[in-house]
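Residue numbers (my numbering), protein chains in the order written: chain U, 185 to 390; chain Y, 185 to 390.
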């Protein structure tokens with residue numbers, strides 16, 4: 185089946201399945217089922233089976249899924265059976281936390297470049313990296329074939345930053361700044377704004 | 185229409201509309217349209233009109249929406265026309281960034297309590313707060329009627345933290361730890377794991 189036929193909402197659940205499987209594997213578990221996975225994730229087992237069926241046959245009726253095999257297949261499908269180089273833009277509080285975060289490496293990502301506009305920060309080390317001038321971003325990311333950027337810049341700078349990323353050939357942006365980015369439709373954008381997530385829940389509170 | 189009839193995916197878009205309207209208002213704009221809003225957000229104008237129609241009539245055919253009025257109505261619908269007290273658990277890199285984040289206050293939230301397990305951190309100030317012992321969490325949040333928690337604890341601690349939150353009467357959890365939480369169905373949970381968001385995009389990359 186062509187990948188374009190699979191709904192994005194299905195793709196969005198695959199990383200969640202992979203994360204749950206990795207936790208099970210880390211705990212020494214070898215086999216799981218759509219039922220168990222569903223219980224853990226609050227998703228119906230039918231939904232999980234249907235999602236996975238887009239990509240082939242991963243378990244046998246009655247015997248469940250071999251976790252290592254399913255992990256391997258999901259990593260291949262999501263293309264995280266390799267390491268993606270990520271450029272981080274904005275080395276404020278959030279950016280610094282991201283550089284120090286040790287949860288990227290074993291899940292397919294390495295923050296290998298850090299940029300900022302602040303002349304005081306440019307040239308300074310952060311973790312193993314040296315903060316680079318954002319003006320150099322398009323050339324640097326193009327040269328290193330970086331396809332993924334994480335924007336942790338302030339809201340008022342984020343649109344301009346996104347444009348520099350697109351200029352440099354970036355294809356996917358994870359945006360922490362609390363604004364919607366105007367970028368060409370071929371660019372993938374995911375948003376991590378804690379407030380929109382909180383507001384989505386207050387609707388339901390008394 | 186009863187609120188329970190409105191799909192959660194619609195509710196999820198309302199904070200995004202509100203955020204875009206607030207940026208327009210901050211730029212001095214007074215009127216917008218579903219067309220303009222849709223262009224900014226990459227959502228069809230028909231979708232926006234349909235989403236808003238669940239809650240009443242907010243604009244006039246041909247004259248668009250008065251931004252201040254629509255903001256006011258969305259704030260009321262999302263219940264962020266008030267200030268919610270938020271408890272933060274885990275004062276590591278992410279937690280510290282959240283305490284310092286100045287984008288909560290004008291959007292309906294105030295991080296008023298901070299908890300950690302680390303005896304070195306407990307009792308220390310962070311911003312205007314004093315870090316409290318997590319063992320006291322259920323009593324403290326119940327006493328102060330805190331309904332919202334932000335979990336920025338490590339993955340291995342997050343489930344236990346979530347249970348303490350639920351014990352204390354918390355109804356909504358924003359979880360930064362990269363695990364799915366097992367909590368009663370009445371508890372609302374939103375997840376902010378940068379890696380799942382990145383993996384959702386790598387699927388589409390070459």
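Note that CB positions come from ideal geometry on N, CA and C, so glycine has one too.
CB contact check: residue i to chain U, cutoff 8 angstroms
| i | result |
| --- | --- |
| residue 292 of chain Y | yes |
| residue 207 of chain Y | yes |
| residue 325 of chain Y | no |
| residue 354 of chain Y | no |
| residue 383 of chain Y | yes |
| residue 225 of chain Y | yes |
| residue 199 of chain Y | yes |
| residue 308 of chain Y | no |
DSSP-derived helix/strand/coil call for residue i
| i | result |
| --- | --- |
| residue 380 of chain Y | helix |
| residue 355 of chain Y | coil |
| residue 253 of chain Y | helix |
| residue 375 of chain Y | strand |
| residue 319 of chain U | helix |
| residue 265 of chain U | coil |
| residue 386 of chain U | helix |
| residue 330 of chain Y | coil |
| residue 170 of chain Y | Outside the shown range of chain Y (185 to 390) lies residue 170 of chain Y, about which nothing can therefore be said. |
| residue 309 of chain Y | strand |
| residue 325 of chain Y | helix |
| residue 258 of chain Y | helix |
| residue 369 of chain Y | coil |
| residue 226 of chain U | coil |
| residue 363 of chain U | coil |
Close Cβ partners of residue i (< 8 angstroms) along its chain, the five nearest in sequence each way excluded
| i | result |
| --- | --- |
| residue 252 of chain U | 209, 214 |
| residue 235 of chain Y | 194, 197, 198, 201 |
| residue 237 of chain Y | none |
Beta carbon proximity, residue i to chain Y, threshold 8 angstroms
| i | result |
| --- | --- |
| residue 378 of chain U | yes |
| residue 233 of chain U | no |
| residue 277 of chain U | yes |
| residue 264 of chain U | yes |
| residue 288 of chain U | yes |
Rounded C-alpha distance that separates residue i from residue j
| i | j | result |
| --- | --- | --- |
| residue 239 of chain Y | residue 262 of chain Y | 11 angstroms |
| residue 206 of chain U | residue 255 of chain U | 7 angstroms |
| residue 355 of chain U | residue 190 of chain Y | 34 angstroms |
| residue 241 of chain Y | residue 388 of chain U | 21 angstroms |
| residue 216 of chain Y | residue 362 of chain U | 20 angstroms |
Residues near residue i in its chain [Cβ-Cβ closer than 7 angstroms; skip 5 each side]
| i | result |
| --- | --- |
| residue 350 of chain Y | 367, 368, 371 |
| residue 282 of chain U | 272, 295, 334, 336 |
| residue 300 of chain U | 274, 275, 306, 315, 318 |
Where residue i meets chain U, residues with beta-carbon distance less than 8 angstroms
| i | result |
| --- | --- |
| residue 260 of chain Y | Going along chain U, no residue has its Cβ under 8 angstroms from residue 260 of chain Y, so there is no contact; the nearest lies around 11 angstroms. |
Within chain Y, the residues that residue i reaches when beta carbons sit closer than 9 angstroms
| i | result |
| --- | --- |
| residue 305 of chain U | Residues of chain Y passing the Cβ test: none, with the nearest at roughly 16 angstroms. |
Contacts around residue i, its chain only, beta-carbon distance under 6 angstroms, and the 5 residues preceding and following it disregarded
| i | result |
| --- | --- |
| residue 233 of chain U | 218 |
| residue 353 of chain Y | 326 |
| residue 348 of chain Y | 321, 322 |
| residue 313 of chain U | 298 |
Closer than 7 angstroms at the beta carbon, the chain U residues around residue i
| i | result |
| --- | --- |
| residue 372 of chain Y | 385, 388 |
Beta-carbon neighbours of residue i, restricted to chain Y and to distances below 8 angstroms
| i | result |
| --- | --- |
| residue 280 of chain U | 277, 281 |
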